[in-house]
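Right, one structure below, let's go through it.
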Amino acid sequence: MGYSYPPSANMTRSAIADFPMPITTAFSTEIKRVSILDEHGSFDESLGKGLIPDPDLLRLYEAMVTCRILDEIAFRLQRSGRMGTYPQNMGQEATSLGASYVLNKDDWMVTCYRENCGLFWRGVPMESILLHWMGDERGNAMPREHFTTPIAVPIGTQMLHATGLAWAAKYRGEKRIAATFFGDGASSEGDFHEACNFAANLEIPVVFVCQNNFWAISSPATVNCSAPTVAQRAIAYGMPTIQVDGNDLFAVVKVMRDATAWVREHGKPHFIEMVTYRLGDHTTADDARRYRDQLEVDKWKGRDPITRIFNYMKSRSLWDDAKEAALRERCEKAANDAVARAEGIVDPQKNEFFDSMYHELPADLVLQRDTRQTHSLGQSESASLTASSSH
Amino acid sequence: MGYSYPPSANMTRSAIADFPMPITTAFSTEIKRVSILDEHGSFDESLGKGLIPDPDLLRLYEAMVTCRILDEIAFRLQRSGRMGTYPQNMGQEATSLGASYVLNKDDWMVTCYRENCGLFWRGVPMESILLHWMGDERGNAMPREHFTTPIAVPIGTQMLHATGLAWAAKYRGEKRIAATFFGDGASSEGDFHEACNFAANLEIPVVFVCQNNFWAISSPATVNCSAPTVAQRAIAYGMPTIQVDGNDLFAVVKVMRDATAWVREHGKPHFIEMVTYRLGDHTTADDARRYRDQLEVDKWKGRDPITRIFNYMKSRSLWDDAKEAALRERCEKAANDAVARAEGIVDPQKNEFFDSMYHELPADLVLQRDTRQTHSLGQSESASLTASSSH
Amino acid sequence: MANLNLVQAINLALIQEMEKDERVLLLGEDIGLNGGVFRVTDGLQARFGKSRVVDTPLAESGIIGTAIGLAMAGLRPIPEIQFEGFLGPAYDQITTHAARMRTRTRGAFTIPLTIRIPVGGGIHAPELHSDSPEAIYAHTPGLKVVMPSSPYDAKGLLISAIRDPDPVMFFEPKRIYRSFREEVPEDEYTLPLGKARTVCSGNELTIVSWGASVVQCMQAIEKSGRDIELVDLRTIYPFDIDAIEESVKKTGRCVIVHEAPLTCGFGAEISARIMERCFLHLEAPVQRVTGFDTIMPYYKLELDYLPDAHRISRAIDDCLAY
Amino acid sequence: MANLNLVQAINLALIQEMEKDERVLLLGEDIGLNGGVFRVTDGLQARFGKSRVVDTPLAESGIIGTAIGLAMAGLRPIPEIQFEGFLGPAYDQITTHAARMRTRTRGAFTIPLTIRIPVGGGIHAPELHSDSPEAIYAHTPGLKVVMPSSPYDAKGLLISAIRDPDPVMFFEPKRIYRSFREEVPEDEYTLPLGKARTVCSGNELTIVSWGASVVQCMQAIEKSGRDIELVDLRTIYPFDIDAIEESVKKTGRCVIVHEAPLTCGFGAEISARIMERCFLHLEAPVQRVTGFDTIMPYYKLELDYLPDAHRISRAIDDCLAY
Ligand SMILES: Cc1ncc(C[n+]2csc(CCOP(=O)(O)OP(=O)(O)O)c2C)c(N)n1
Ligand SMILES: Cc1ncc(C[n+]2csc(CCOP(=O)(O)OP(=O)(O)O)c2C)c(N)n1
Ligand SMILES: [Mg+2]
Ligand SMILES: [Mg+2]
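Residue numbers (our numbering), protein chains in the order written: chain Y, 1 to 391; chain P, 392 to 782; chain C, 783 to 1104; chain S, 1105 to 1426.
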């Protein structure tokens, strides 16, 4: 398969081992980087051939296009006041999609907020994501059968949950593994370190995927990781690790497939750095022109993961402009329908935020909910009032 | 000098670099391990000769012996109820001592709680450390001229302070660097990661020294770091890193000297794993026989850093039994005097714990202090009572 | 019935819940072979194996964060944090995830988690080993907060906490871990979360307290020779305001005792609620005897910091004399 | 005088202190070129250079922990935490080190640190961008806690905070970052920490509030047409109990308003203190109008969570009618 597995970690450690004199090599390693279909149309047959069957490729392409269109619509919704702050996914579709394509339906996918394409592939309804960013918790009520977790807002925290979820699978003797996505910025948080360290030392089957899109809001990736690669963060844990062109769906699928196979076989974690780029602003509340160079953005527009597959399919005569036009129409309809469904959901009841606080609401919270007040005077009376009037 | 500096980090990263096809090496590195004087008496002249002048070696030896004796006395004090929980340093004297020997007097030394030997070398009075473990904050009132920080109880937290202290030096254009000590267990905490990451990315001159003594209370080092070395944690940050026999004072001095020189020159951090062993219990509240093998302890008794220097000096006819006896007597007196001084310090005033809460005590705290009560009834009266009676 | 101290009562509760429910597992620093630094989990790894009693890396956020993942998957993890002073690194996972998960997913994910934490002062320990942060977590909606004051209560409350479908902070007052024993049923039993216990009845004044302070309150009551009612909260959130209200309406006077600092300690909430509920019944202002608004001092002075029978007595006297 | 909003007032205070004192430096996520997500530090990096306005890695514990180191060395760092919801990872460094350093070293090390944190709800933001954790830090001895309610106050209080030799949590109510302007002196000036401001005087009832809620209080007072006194705390710890006492002794009635949840919010402490200090002057039980004891909901419902003029009015009426 072209690269050795796992990357060499050539020493083991023991408290009673002898110490050789005077200078020896305690450890050495290297990290590979994989690329199959580049932006110029080169395709490496040795790794790429047969990797993604053509019918699947068409479906994956459609998924990316739909996601992109929804992204554009969401942006406009925000601008016209019909949606809150929204983080665009534009340019990063191939990373989470490739991962979701490889994962089993009942593996856990533990993401952040820029993995719509992968979540939709797993069956998460587009309107859930929209609803979430429209300021409605019901968007986070992820159906258990998708094995996806709610959108994670506090950066860096969700990887620990992935470790815990995979640990639960190991505990129960299930085959399930977990994959978790996070950004280059997130890899600065202490929780990132603890998640990797727990998984490595307790032998828990997790794939850690860093989506290095070169920016954390306005901070270039070097502010968060000045090392030559983010992939090498994993060496700290003795974890196999690899870097991949994240805008290359083929390479993502290849690397993810090898990593998941390794993780399943060994019951231990694996790291992947997916190198990609955020083509849009950080969120709709951001203006990336304040801090980054248009030249860089333009360079990455030329590396768009969607265009790459489009060109590849065309070069293989799987695709033409008519097909593209039909597909765009379908995708646009799908996206617009999702928006209509999200906006069609009736607003939550004023009191809805009380109801899921606990399995059983403490009496004091019932009182607060029913009286809609925290001050005490008249509280008991108005409570009985509400209680009786609700009959 | 026998090993290349810094360990190779052979790629740099740019958001607009091209992605080569299909499999390339993104990163490779290796970590060296250094040993000069081993427990069998072998001494590597190529690295060791002239490293520590003989007169210095004698002083360093005396420092280790004094520290060891104080350690034994402290243990007995605790057992007889004259001291609270105390963490013995036994077996680890060479690590912090070698580091302190190399550091400038006005470099920061930011430690945990098992670095007595290095602190004493810098001038911290022995009675300060004793006083601290006797439950008295005044033991932590480290005089500023020693450039040492108070004992750190919450594991893993002090390395960030080292980064901040060294940052302040850089900010002011001072030459000062910081060295920080922490355990193998501490390297699991998120703060460890953040301290290294800040120092690397913001280019702050810190030497991170992990004192890997193979245990974190009852957890063997593999629970906290299952990777082949702790040294490789630093690769995550693109930081030069090295492993050293921490019971070998010569090797510690060699590695520390190279690292500090590199840090001073480049204004960036460097990592050192000092491999050592905790010969005693974790603290006096611990009983290590519950969880570790006597064979392992015995093996490490044979690697004692003090015995090693003793044998080396003897082999070079710098030392004999008469000198040893005289030295032991001196050291014992020094340690006992320190205990006497610590126990001679009068107990703090009942109210002393109020006084350093703020630069200026808020009125409410003055009231609490003067009345020694938190309940309000009679508080203002008894306050004025105390106030007048104190005249 | 067995004559047990608090450590043994908790150990027994853990054994019984682990035997009964495969979903229960323990994780934390040094809890395995070593049985935890207080030996609360002594013997459990030998009994249940290394997969159910897991020594973790030294990282509290990691312990709680992975426990949240375990709970999301439907298990019932019981992490131990070695001392309350080391809850800090886990604060974010507790407050931004454990406490919020149910409501932010509208019930799709729940966190049946019980965090065990030795708490409080008085054992001559080093710094950061003697604090009482219960108010911090009581101010965090989504959590339950429990603090037993006796072996019997500890067992019954812990079993309830483990079975509770929501996250519970279970604070164990280390000062009374081994200070006394009492009869504890060998069979499993539960005590309802959110219900206080009237330790002794009286008509002249109500004392409200919890955890180790209950012992000092009893001493003060005995010393006083007055007819005092002592209410042990048992659960800090949700708290049994009805029991407090009933007692204070009867006595008209109340002293609250806790180890945590005065300002914004949980005593403040109780005092405010008493004002709101018993205004016309109060014969004197509610009094609080608490730790001072300082950092808990190192152990030479810790007994000068903690509320003791003497300070409680003075408050009782002042309140009765009002 | 200049007509400034709160963001501009803070920006100006920062400029003036940085010009005056070389020891002052700023650090945080996105505060440099980007000027912070709220643009509070806009233009400062261009003006003072990259060594005094530093973009840090995305790690809050790292930001506060290194700032503590900077402060130990005698500098006066002003870290920004992007939103109060991201204070969690820094909680440990704040509470175990910043708050304790002076007393645990008996003054050998001090932490002249000002942590700036946008706080509170009402701006339609995603989850964890709308909370009010001031009570958590008020319950942490060793810290000072400040929350201005206007541009004028913000500038004067921030300058005091920066010059204060102890760590200050400086909470900036984001709801009023740009909602109004007022005259702010262009010269530097300070407002004392620990002193409240009487926003308007009255004899019938006292309202105590702070931060953005002061606006809702004013609305309710206007609506009521009654003779109400409004005390804006300005500083949560140490708090101006004397000002509260004086006012409540005059009016006999008090309503406390804050965004944080009711239970163990800072309102509890004020209520308890009023009982302790003004018992015989109270005509009615002190009332608290606060956030509910739930997680702050996502923005569709946030206005149903936050105390508004309507809820405040009801409490005023109930209290006056008592
Ligand atoms: C703990 C925490 N700190 C700060 C923020 C504010 N914030 C939101 S996204 C973001 C940048 C994240 O960068 P990265 O991890 O690279 O992900 P990306 O947005 O590039 O996908 C920041 C600082 C947050 N949400 N959580
Ligand atoms: C944050 C935190 N968690 C837990 C503890 C309890 N504790 C004290 S020392 C220790 C082990 C430290 O191990 P290591 O870092 O290897 O240092 P060593 O004691 O071996 O020198 C633990 C868990 C603590 N002090 N702080
Ligand atoms: Mg990013
Ligand atoms: Mg260790």
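Glycine residues also receive a C-beta, built at the ideal position from the N, C-alpha and C atoms.
query, result
"Meets three-Cβ-pair contact criterion under 8 Å: the segment 134-153 of chain Y and the segment 282-297 of chain Y", "no"
"is_contact[S:K1327, chain Y] using C-beta, thresh 8 Å", "no"
"Near-chain C residues of the segment 709-731 of chain P - C-beta to any C-beta below 9 Å", "none"
"Option in S:S1234, S:V1249, S:E1188 with minimal Cα separation from S:I1221", "S:E1188"
"Residue range of the beta strand (DSSP E) that includes P:F573", "569-574"
"Contact with chain C by S:H1228, beta-carbon distance below 8 Å", "no"
"8 Å CB neighbourhood of C:R960 in its chain, flanking five on each side removed", "N787, L788, V789"
"Whole-angstrom distance between P:I422 and S:A1239, CA atom to CA atom", "49 Å"
"Ranges of the beta strand (DSSP E) found wholly within the segment 638-680 of chain P, counting only runs of at least 3", "661-666"
"First through last residue of the beta strand (DSSP E) which encompasses Y:N212", "206-212"
"Rounded straight-line distance, which links the Cα of P:F418 to that of Y:P228", "7 Å"
"S:K1353 at chain P interface by Cβ criterion, 8 Å", "no"
"Contacts of C:Q875 in chain Y (Cβ-Cβ under 8 Å)", "T157, L160, D191"
"Rounded distance between the beta-carbons of Y:R68 and Y:E93, thought under 8 Å", "6 Å"
"Chain C contacts from the segment 526-541 of chain P (Cβ-Cβ distance under 8 Å)", "G526, D527, E528"
"C:N816 CB to nearest heavy atom of ligand 4 below 7 Å", "no"
"Close beta carbons around Y:S392, own chain, < 7 Å, minus the five adjacent residues each side", "Only positions 1 to 391 of chain Y appear in the structure, and residue 392 of chain Y is not among them; the question remains open."
"Residue-chain proximity (Y:G164, chain A), Cβ-Cβ < 8 Å", "Given the protein chain composition of this structure (Y, P, C and S), no chain A is represented."
"Other residues of its chain near C:C1060: CB distance less than 7 Å, five sequence neighbours each side excluded", "E1027, V1030, K1031"
"Start-end ranges of the alpha helix (DSSP H) lying completely within the segment 827-897 of chain C, minimum 4 residues", "842-854, 883-886"
"Beta carbon proximity, P:D755 to chain C, threshold 8 Å", "yes"
"Under the three-state DSSP convention, the category P:K423 falls into", "strand"
"For S:I1167 and S:P1183, believed in contact at Cβ under 8 Å, the rounded distance", "5 Å"
"Interface residues of chain Y facing P:R424 [CB-CB closer than 8 Å]", "F19, P20, I23, T24, T25, A26"
"One or two residues paired with Y:R114 in a DSSP bridge", "Answer by DSSP bridge pairing: none, since Y:R114 is not bridged."
"Min CB distance Y:H282 to chain C below 8 Å", "no"
"Near ligand 1: P:W512 beta-carbon under 7 Å from a heavy atom", "no"
"Bridge partners - C:T972, DSSP secondary structure assignment", "None, per the DSSP bridge assignment."
"Limits of the beta strand (DSSP E) - the one that S:V1361 falls within", "1358-1365"
"For S:Q1391, the first and last residue of its enclosing beta strand (DSSP E)", "1391-1395"
"Nearest to Y:F214 (by Cα), restricted to the options Y:F353, Y:E273, Y:S14", "Y:E273"
"8 Å Cβ cutoff met for C:A936 and C:T896", "no"
"Contact the segment 1246-1261 of chain S vs the segment 1382-1398 of chain S: 3+ CB pairs below 8 Å", "no"
"Same chain, Cβ closer than 7 Å to Y:D191, neighbours up to 5 away in sequence not counted", "G156, T157, M159, L160"
"CB contact below 8 Å: C:E1051 versus chain S", "yes"
"Minimum C-alpha distance to C:T922 - residue among S:D1397, S:P1230, S:R1279, S:D1422", "S:D1397"
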